[in-house]
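K.L.:
When you line the sequence shown up against the numbering used here, it's residues 3 to 582, in that order.
After the structure tokens below, expect a handful of questions from me.
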Amino acid sequence: MRVSIACRSCRLKKTKCIHDGKAPCHSCRVRGKESTCILHSTQEFRKLRKTNIISQGKREESEIHIPDAIIKSSIEFAFQHYPELFFLSSLRYQEVVENLDELVILGVCVLSAPFTSYFTAQSRKLLASRLEVEVFGKIDGDPSMNLLSILQVSILVLLLNWQNRKMHKGYLLGGFAERAFLLLSEQDYRHKTYLEKEFMIRTLWSYQLITISLRKGSLEEYKTRLCKFPLPQENSEFLFRHASEIYHLKDFKSATTHNIFALFIAVTELWADCSSWVIQGGRQHFLEAPWDETSEWYKLDKRLNLFKSQLGPKESLNIQSMDAFFSLGQGTLYCCTHLALLTSKILIHRNYMPFIPPDNEVAKGPTDPSPALRKPPRNWWSHSARTVFEYAREAALIFNEFKKRNVYCCSTFAGFDALTCASTLFYIDSFPSYDPGFKDAALYYGYCVDFLKYYKNNWELGSYYYQFLVQTVAMFKAASDNKLTTLSISVFENMKDELVDVANVAAPSTGTKRIQIENLIDTTDVLTHCPTTVSGNFPNTTGEGLETWMNQKNREKLCSLFGWENEWPAFDNINEYWGI
3 MRVSIACRSC
13 RLKKTKCIHD
23 GKAPCHSCRV
33 RGKESTCILH
43 STQEFRKLRK
53 TNIISQGKRE
63 ESEIHIPDAI
73 IKSSIEFAFQ
83 HYPELFFLSS
93 LRYQEVVENL
103 DELVILGVCV
113 LSAPFTSYFT
123 AQSRKLLASR
133 LEVEVFGKID
143 GDPSMNLLSI
153 LQVSILVLLL
163 NWQNRKMHKG
173 YLLGGFAERA
183 FLLLSEQDYR
193 HKTYLEKEFM
203 IRTLWSYQLI
213 TISLRKGSLE
223 EYKTRLCKFP
233 LPQENSEFLF
243 RHASEIYHLK
253 DFKSATTHNI
263 FALFIAVTEL
273 WADCSSWVIQ
283 GGRQHFLEAP
293 WDETSEWYKL
303 DKRLNLFKSQ
313 LGPKESLNIQ
323 SMDAFFSLGQ
333 GTLYCCTHLA
343 LLTSKILIHR
353 NYMPFIPPDN
363 EVAKGPTDPS
373 PALRKPPRNW
383 WSHSARTVFE
393 YAREAALIFN
403 EFKKRNVYCC
413 STFAGFDALT
423 CASTLFYIDS
433 FPSYDPGFKD
443 AALYYGYCVD
453 FLKYYKNNWE
463 LGSYYYQFLV
473 QTVAMFKAAS
483 DNKLTTLSIS
493 VFENMKDELV
503 DVANVAAPST
513 GTKRIQIENL
523 IDTTDVLTHC
533 PTTVSGNFPN
543 TTGEGLETWM
553 NQKNREKLCS
563 LFGWENEWPA
573 FDNINEYWGI
């Protein structure tokens, strides 16, 4: 263990403490704090560190007192924006607070600070700095904090770093959380009280749902972990300390017999399976026709349809149910359950749509169909296209409900959903012949963009999603104006949506970026077209044209942008990236 001698002020500021072995240090002498400068070793400092940061409200130089009302609203905001944080959900606020470590409460306050007017920009930085110091001190072998609290605070700081696009710290905290998760999962919790058991189960599920895209290994390994623990109980049972029948994910049969927590977990498993199908290459990897009942696509689509058909009147997507769940404090959990279902359907159906339709006729399949795709059932392509656009419209209405209620859900998963639906809706606005019966695409597109703007104004990762959409809009606009070359369309047709891997907490890879779109558009015009709900101002650049740009001098640059190594792949083998 690394041991150092430093004063408290320098430790909290994470600056080097310069001294000659006795107080005061150079920093305290300069600031006139000689009388308060006391040097401590690492172990001494850990013993002396205050453990009552929040509730006692005893102010010192770098401490902030957070009123109980602000803590309460912060917990509500955190669960609102991150419905995966099951351990923050309860019908009684005091019950949540009593079971959370003070450092976990501090983490909740930091994560909710952008949405709470109580915190100034300076106090947010102070809170975040204090949280980081305390977290790494606790994680580094401090026996005063139990594993459950370590897992909870690691999840919170992990989310905070990913939202600010601090990827390395995010992975570091993910490692700490994984270690705590594995140790907790090996414990025998049967002797615990009902409250302790349920609180631990909810925390374990929170970690699994939030870190889906961080986890290494096969999908089978991931699904084995999902089936290991019981599903969470309903809040009313949690409140009365009365457990109903215990279910595991493998026991999930009908959506009408489970609570909203279980529904969210079940649909997340479906979303993970659909995302895995896309990540593996989609139609370019699974060569069977989607209407073939033995194909993986058909099985996924059947599971999604079955899940939706089993939803009862309370669980189905409607305004009355939405009002009820919001009144129970579970509105965003209910909405994200449906967003996951809608986005899963969009992902697998959209995979068979060309990035850019080859003509102005009705919906067709890929521009390079395999032999298995050349004899579809009657109206199959048009029905699939209508499914994509209709589900995107339903998702857009959910984002509009967030705005009308002034209740947002700025999770990374919701940002991915908004981007997916916005790009799909702009697609049909750019190529209306692909579904002539679809109306008001620009209106629904605007609902998604409004959400992404709100996300962008509060978190760094939101800016990434928003800029990704701006680039996609530029591509579609150029394509609809016939300002993309045939070869450009070929490249875009084979691009893979890099954001499928980013849907939860994984931030964009710095080595994987889209081609600079202005270099692929043969135009000198200013691209200003966008639906009226958004003002799109795109750069006035002179594109070289794709054929010219992809010469030998730019190949190395292109490989870097796409995350390829030094090898230059043939166009017909580019299955790592696909469009929309």
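Beta carbons: idealized from backbone N, C-alpha and C, even for Gly.
Owing to the predicted nature of the structure, the values given are computational and were not obtained by experimental measurement.
Pick out the complete beta strand (DSSP E) segments inside the region 147 to 179, 3 residues or longer, and give them in chain order.
P.N.:
Listed in chain order, there is nothing to give.
K.L.:
Considering just the uninterrupted stretch of the beta strand (DSSP E) at H2, what are its terminal residues?
P.N.:
Examination of residue 2 is not possible in this model, given that the chain is present from 3 through 582 alone.
K.L.:
Within 10 angstroms of its Cβ, does N237 collect 16 or more other Cβ (buried), or is it exposed?
P.N.:
The residue is buried, with at least 16 neighbouring Cβ atoms inside 10 Å.
K.L.:
So, do the region 313 to 331 and the region 372 to 387 have three or more beta carbon pairs nearer to each other than 8 Å?
P.N.:
No contact exists between the region 313 to 331 and the region 372 to 387.
K.L.:
Using a Cβ-Cβ cutoff of less than 7 Å, which residues in the same chain neighbour L319 once the five nearest sequence positions on both sides are dropped?
P.N.:
The residues are H340 and E396.
K.L.:
Among the candidates S482, F433, L228 and D419, whose CA atom is the shortest distance from the CA of H250?
P.N.:
Looking at the Cα atoms, L228 is the closest of the given residues.
K.L.:
Take H260 and list the residues in its own chain whose beta-carbon comes closer than 8 Å to its own, dropping the five residues that flank it on each side.
P.N.:
The residues are L233, Y249, F254 and A268.
K.L.:
Looking at E298: is its Cβ nearer than 8 Å to the Cβ of W279?
P.N.:
A contact, by the Cβ cut-off of 8 Å.
K.L.:
Would a C-beta distance cut-off of 8 Å place I212 and I157 closer than the cut-off?
P.N.:
Yes.
K.L.:
In terms of residues, what are the limits of the alpha helix (DSSP H) holding C423?
P.N.:
Counting along the chain, the alpha helix (DSSP H) containing C423 begins and ends at T414 to S432.
K.L.:
If you draw a straight line from the C-alpha of D437 to the C-alpha of K377, how long is it?
P.N.:
So the alpha carbons of these two residues sit roughly 20 Å apart.
K.L.:
For a test of the three-state rule: what should DSSP assign to P116, helix, strand or coil?
P.N.:
Three-state result, P116: helix.
K.L.:
Measuring only the C-alpha atoms, how far is S482 from E104?
P.N.:
In a straight line, the C-alpha of S482 is about 55 Å away from that of E104.
K.L.:
In the structure shown, what three-state DSSP assignment does P373 receive?
P.N.:
DSSP places P373 in helix when its eight states are reduced to three.
K.L.:
By how many angstroms is the C-alpha of R132 removed from the C-alpha of W207?
P.N.:
Computed Cα separation, rounded: 27 Å.
K.L.:
Going by beta carbon distance, what residues of the same chain come within less than 6 Å of V137, once the five residues before and after it are set aside?
P.N.:
Same-chain partners within the cutoff: V155 and V159.
K.L.:
Where does the unbroken beta strand (DSSP E) through I7 begin, and where does it stop?
P.N.:
Unbroken beta strand (DSSP E) run through I7: I7 to C9.
K.L.:
Rounded to whole angstroms, how far is the Cβ of L306 from the Cβ of S277, which I believe are closer than 8 Å?
P.N.:
Between S277 and L306 the Cβ distance is about 13 Å, and since that is not below 8 Å, they are no contact.
K.L.:
What are the partner residues of P232, as DSSP defines its beta bridges?
P.N.:
Answer is H250.
K.L.:
Applying the 10 Å Cβ sphere with the 16-neighbour rule, what's the burial state of S6?
P.N.:
When all chains shown are included, S6 counts as exposed.
K.L.:
Between the region 95 to 115 and the region 354 to 364, do at least 3 Cβ pairs fall closer than 8 Å?
P.N.:
Cβ pair count under 8 Å is below three, so no.
K.L.:
For the candidate residues A365, L153, N166 and I203, whose alpha-carbon lies nearest to that of F183?
P.N.:
For the residues A365, L153, N166 and I203, the minimum Cα distance to F183 belongs to L153.
K.L.:
What ranges does the alpha helix (DSSP H) occupy inside the region 256 to 334, keeping only unbroken runs of at least 4 residues that lie completely in it?
P.N.:
Taking only runs of at least 4 residues, the alpha helix (DSSP H) segments lying wholly in the region 256 to 334 are 262 to 281, 298 to 312 and 321 to 329.
K.L.:
Taking DSSP as the reference, what is the three-state secondary structure of G367?
P.N.:
G367: coil per DSSP, three-state reduction.
K.L.:
Can you have a look at G581 and say buried or exposed, based on whether 16 or more other CB atoms are within 10 angstroms of its CB?
P.N.:
A caution first: G581 carries a pLDDT of 26, below 50, which makes its placement in the model unreliable, though a value can still be read off. Under this definition G581 is a buried residue.
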